[in-house]
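Residue numbering for the sequence shown follows our numbering, starting at 190 and increasing by one per position.
Okay, so here's the structure we're looking at.
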Amino acid sequence: MSAKIYIFLSSSIADDVCRVRRPLILLIKKDLMILKFLGGAQEVGRSGVLLSDSKNFLFDYGVKLDHKTEYPMDAGRIDAFLLSHAHLDHSGMAPALYNEAVLPSFGTAPTAELAELLLNDSLKIARKEHKQEKFHRRQMKSFIKHYVSVEYSGRVSLGGHSVEFHDAGHISGSAVILLEREKAKDNKRVLYTGDFKLQGQLLHDGADIVKSDVLITESTYAYKDHPDRKAIIRDFIDKIRAVLQNGGNALLPVFAVGRGQEILAMLYEGGLADSVYVDGMVKAATQIVRKYPQFISKPDLLEKSLKKASLVVDRSDREIALSEPSIIVTTAGMLNGGPVLDYITRLNDSSKIFLTGYQIEGTNGSTLLKSGKINLDGKTRRITNPVELFDFSAHAGMDDLYRYVRESSPNVVICMHGSEENTKLLAEKLDGEGFKTYAPGFGERIELE
Ligand SMILES: [Zn+2]
Ligand SMILES: [Zn+2]
């Protein structure tokens, strides 16, 4: 793909994009770069990293969706927002940046549309559950209005800094982000990985490995490798086929963005696409992914998968899906809402639930695995159908995390987006290999000279 260059030349970035004048931030030492971890430090969720030198850049600004929702620290005054991908643990608080201030946000085109879909859904849920919203629709609109779409390998020139987005191999539009000063003699190439996967998936090639001086990496699976993906897919397809042969429904809860499309492709390749029904937000997410074929590796495969599948549009379609042996691909992936809760209580005895992603502690998916129970409208319900979890993770496993670090060859490695145990483990092991490492905690600052 040929590189595109986007240039925002004047001294204040916001002036270029939004025509709003804001004061420059003065730092004590000219070449000092300061990183502040607003969230996602020694935890998974609410990622946010503030990089300050002559300008303030914010990488991601998400929420932590645990048993209760947690938010990152206040970002203060920033000059530009750089978004790695659409998942809410990275994008969930982006509209809150658009209070009275307006600023440019940068990321790929599918990231903006997929984030908008997920953010609107989170607003809807907050309203339904009478929870306090952290931003309003007006701020959502402002965020989208000031979003600048960048292609992979495209370069943005931002008042003395350049920023590049490269394929992270995680979901449609996901990017590792490289930021560097354009003229400084002691330039530091700062690479922020967001979430990445090195091994290819059906619809994504592995992440681009980008050289860096300072690497801020995710650490989600610092402790283990994923099992062989091809073997899991074979097992998954065989077990679904057995359910169909016994006259049951295979209920596949999926995350709308990323996993949903990957599962549809798997079912097509496994020869099962004729029996597939697609319901819930995964439909809208898939339409967005289709709009940007240049951001997936096999757009034809996704098209073919969809052509054979039936889209559920109303209740009568749901009844049809349940009345015959079928595969129901629907949201939500952790069973905390969406049409999956309608299906799960109406399955016949030959049916089975196939969980296709990590289940956060406290979610219905997690309690179903542990105790066979879910919470439905405040009441505990026992689910008698068998349930099984399949590891289709879109994150790098342990060996790939180390490989990425070694090949990116930074001097400094900062480990985030992982539990306290995992970020410290990765930092400690890389320290043993001669890298200068950190596993910062929530709110911690690191000064880079
Ligand atoms: Zn993600
Ligand atoms: Zn993440």
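Heads up, the beta-carbon is just placed ideally off N, CA and C, and yes, glycines get one too.
Handout entry: Residue of Tyr627, Ile516, Ala275 minimising C-alpha distance to Val432
Key = Counted from its first residue, the sequence shown places residue 432 at position 243. For the residues Tyr627, Ile516, Ala275, the minimum Cα distance to Val432 belongs to Ile516.
Handout entry: Ordered list of beta strand (DSSP E) runs contained in the region 383-423, each at least 3 residues
Key = 403-407
Handout entry: Whole-angstrom distance between Leu558 and Ala498, CA atom to CA atom
Key = As a first step, residue 498 must be located in the sequence shown, where it is residue number 309. As a first step, residue 558 must be located in the sequence shown, where it is residue number 369. Cα-Cα distance, rounded: 28 Å.
Practice task
Give me the Cα-Cα distance between His415 and Gly586, rounded to the nearest whole angstrom.
Solution key: Translated into positions along the sequence shown, residue 415 becomes position 226. Translated into positions along the sequence shown, residue 586 becomes position 397. Looking at the two C-alpha atoms, the distance is approximately 6 Å.
Problem - Pick from Val339, Gly296, Ser280 that is closest to Asp310, judged by C-alpha positions - result: The sequence position of residue 310 within the sequence shown is 121, counting from 1. Considering only alpha carbons, the answer is Ser280.
Problem - Gln434, buried or exposed, once every other Cβ within 10 Å from all chains shown has been counted against 16 - result: For the purposes of this step, residue 434 is taken as the residue at position 245 of the sequence shown. Under this definition Gln434 is an exposed residue.
Exercise for the section: Look at the Cβ atom of Gly522, then the Cβ atom of Gly551, and state whether they are nearer than 9 Å. Expected result: Translated into the one-based positions of the sequence shown, residue 522 becomes position 333. Translated into the one-based positions of the sequence shown, residue 551 becomes position 362. In this structure, Gly551 does not lie closer than 9 Å to Gly522 by Cβ.
Practice task
Return the first residue and the last residue of the beta strand (DSSP E) that Asp310 is part of.
Solution key: Numbered from its first residue, the sequence shown carries residue 310 at position 121. No beta strand (DSSP E) holds Asp310; the alpha helix (DSSP H) holding it covers 298-317.
Exercise for the section: Express the C-alpha separation of Lys541 and Tyr547 in angstroms, rounding to a whole number. Expected result: For this step, residue 547 is matched to residue 358 along the sequence shown. For this step, residue 541 is matched to residue 352 along the sequence shown. Straight-line Cα distance between these residues: approximately 18 Å.
Handout entry: Residues near Val333 by beta carbon distance below 7 Å, same chain, minus five either side
Key = Taking the sequence shown and counting its residues from 1, one reaches residue 333 at position 144. Note that residue 333 is Ile in the sequence shown, not Val. For Ile333, where only same-chain residues beyond five positions count, the Cβ hits under 7 Å are Ala301, Glu305.
Exercise for the section: Check whether the Cβ atoms of Leu392 and Leu272 sit closer than 9 Å, and answer yes or no. Expected result: As a first step, residue 392 must be located in the sequence shown, where it is residue number 203. As a first step, residue 272 must be located in the sequence shown, where it is residue number 83. Cβ atoms of Leu392 and Leu272: not closer than 9 Å.
Exercise for the section: Could you check what DSSP says for Tyr260 in three-state terms: helix, strand or coil? Expected result: Numbered from 1 along the sequence shown, position 71 holds the residue referred to as residue 260. In the structure shown, Tyr260 sits in coil (DSSP, three-state: anything other than H, G, I, E or B).
Exercise for the section: Taking 8 Å as the threshold, find out whether the region 225-245 comes into contact with the region 627-635 through three or more Cβ pairs. Expected result: yes
Practice task
Output the distance between the C-alpha atoms of Arg327 and Ser598, rounded to the nearest integer angstrom.
Solution key: The sequence position of residue 327 within the sequence shown is 138, counting from 1. The sequence position of residue 598 within the sequence shown is 409, counting from 1. Each residue's Cα considered, the two are about 43 Å apart.
Handout entry: Length of the line joining the Cα atoms of His507 and Thr534
Key = Here residue 507 corresponds to residue number 318 of the sequence shown, with the count starting at 1. Here residue 534 corresponds to residue number 345 of the sequence shown, with the count starting at 1. Reading off the sequence, residue 507 comes out as Arg, not His. In a straight line, the C-alpha of Arg507 is about 13 Å away from that of Thr534.
Exercise for the section: Run the proximity test for His256: is its beta-carbon closer than 8 Å to any non-hydrogen atom belonging to ligand 2? Expected result: In the sequence shown, the residue the question calls residue 256 occupies position 67. Outside the cutoff, so no.
Exercise for the section: Determine, using beta carbons only, whether Gly349 and Arg370 come nearer to each other than 9 Å. Expected result: The residue given as residue 349 occupies position 160 in the sequence shown. The residue given as residue 370 occupies position 181 in the sequence shown. Going by C-beta atoms, Gly349 is nearer than 9 Å to Arg370.
Exercise for the section: Pair every Cβ in the region 254-274 with every Cβ in the region 562-574, then say whether three or more of these pairs are closer than 8 Å. Expected result: no
Practice task
Could you have a look at Phe631 and say whether DSSP puts it in helix, strand or coil?
Solution key: By 1-based counting over the sequence shown, the position of residue 631 is 442. Correct three-state label for Phe631: coil.
Exercise for the section: Check whether the Cβ atoms of Val238 and Met605 lie closer than 9 Å to each other. Expected result: Working through the sequence shown from its first residue, we reach residue 238 at position 49. Working through the sequence shown from its first residue, we reach residue 605 at position 416. A contact, by the Cβ cut-off of 9 Å.
Practice task
Kindly indicate the opening and closing residues of the alpha helix (DSSP H) around Pro488.
Solution key: On the sequence shown, position 299 is the one that residue 488 refers to. Start and end: 488-497.
Exercise for the section: Closer than 6 Å is what we want: which residues have a beta carbon that near any heavy atom of ligand 2? List them in chain order. Expected result: His276, Asp278, His279, Asp384, His606
Problem - Residue(s) in a DSSP beta bridge with Tyr381 - result: The residue you call residue 381 lines up with position 192 of the sequence shown. Looking at the DSSP assignment, Tyr381 forms a beta bridge with Ile366, Ile405.
Exercise for the section: For Asp620, I'd like the list of residues in its chain whose CB is within less than 8 Å of its CB, leaving aside the five on either flank, ordered along the chain. Expected result: What you label residue 620 is simply residue 431 of the sequence shown in a count that begins at 1. Excluding positions up to five away in sequence, the list reads Thr626.
Practice task
For Cys462, name the three-state secondary structure that DSSP assigns.
Solution key: The residue given as residue 462 occupies position 273 in the sequence shown. Contrary to the premise, residue 462 reads as Ala rather than Cys in this sequence. If DSSP states are grouped into helix, strand and coil, Ala462 belongs with the helices.
Exercise for the section: Work out the CA separation of Ala411 and His274 for me, nearest whole Å. Expected result: Position 85 of the sequence shown, counted from the start, is the residue given in the question as residue 274. Position 222 of the sequence shown, counted from the start, is the residue given in the question as residue 411. The alpha-carbon atoms of His274 and Ala411 are separated by roughly 21 Å.
Practice task
Count the other CB atoms, across all protein chains shown, that sit within 10 Å of the CB of Val345; report buried if there are 16 or more and exposed otherwise.
Solution key: Position 156 of the sequence shown holds residue 345. So Val345 counts as buried.
Exercise for the section: Report yes if the CB atom of Phe248 is closer than 9 Å to the CB atom of Phe425, and no otherwise. Expected result: Along the sequence shown, read from residue 1 onward, the residue named residue 248 stands at position 59. Along the sequence shown, read from residue 1 onward, the residue named residue 425 stands at position 236. No, Cβ-Cβ distance for Phe248 and Phe425 is not below 9 Å.
Handout entry: Distance between beta carbons of His359 and Ala583, contact taken as under 8 Å
Key = Mapped onto the sequence shown, residue 583 falls at position 394. Mapped onto the sequence shown, residue 359 falls at position 170. With a Cβ gap of about 5 Å, Ala583 and His359 count as contacting.
Practice task
May I ask you to check if the CB of Ser363 is nearer than 8 Å to at least one heavy atom of ligand 1?
Solution key: Working through the sequence shown from its first residue, we reach residue 363 at position 174. The answer is yes for Ser363.
Practice task
Within the same chain, show all residues whose beta-carbon is closer than 6 Å to that of Pro212, passing over the 5 residues directly before and after it, in chain order.
Solution key: Sequence index remark: in the sequence shown, residue 212 carries index 23 (1-based). Residue placement at Pro212 is flagged as unreliable, the pLDDT there being 39, under the threshold of 50; a coordinate-derived value is accordingly withheld.
Exercise for the section: Determine the DSSP secondary structure at Ile217, reduced to helix, strand or coil. Expected result: For the purposes of this step, residue 217 is identified with residue 28 of the sequence shown, where counting begins at 1. With a pLDDT of only 45 at Ile217, under the threshold of 50, the placement of this residue in the model should not be trusted; the figure read from the coordinates follows. Coil, per DSSP.
Handout entry: CB contact check: Val478 to chain C, cutoff 9 Å
Key = The structure shown contains no chain C, having only a single protein chain.
Problem - Buried versus exposed, by CB contacts within 10 Å (16 or more), Val365 - result: Taking the first residue of the sequence shown as position 1, residue 365 is located at position 176. Buried, since its Cβ has 16 or more Cβ neighbours within 10 Å.
Exercise for the section: Using only the heavy atoms of ligand 1, determine whether one of them is closer than 8 Å to the beta carbon of Gly229. Expected result: One-based indexing of the sequence shown puts residue 229 at position 40. Outside the cutoff, so no.
Problem - DSSP-derived helix/strand/coil call for Asp204 - result: For the purposes of this step, residue 204 is identified with residue 15 of the sequence shown, where counting begins at 1. The predicted model places Asp204 with a pLDDT of 45, which falls under 50 and marks its position as unreliable; any figure quoted below should be read in that light. Reduced to three states, the DSSP call for Asp204 is helix.
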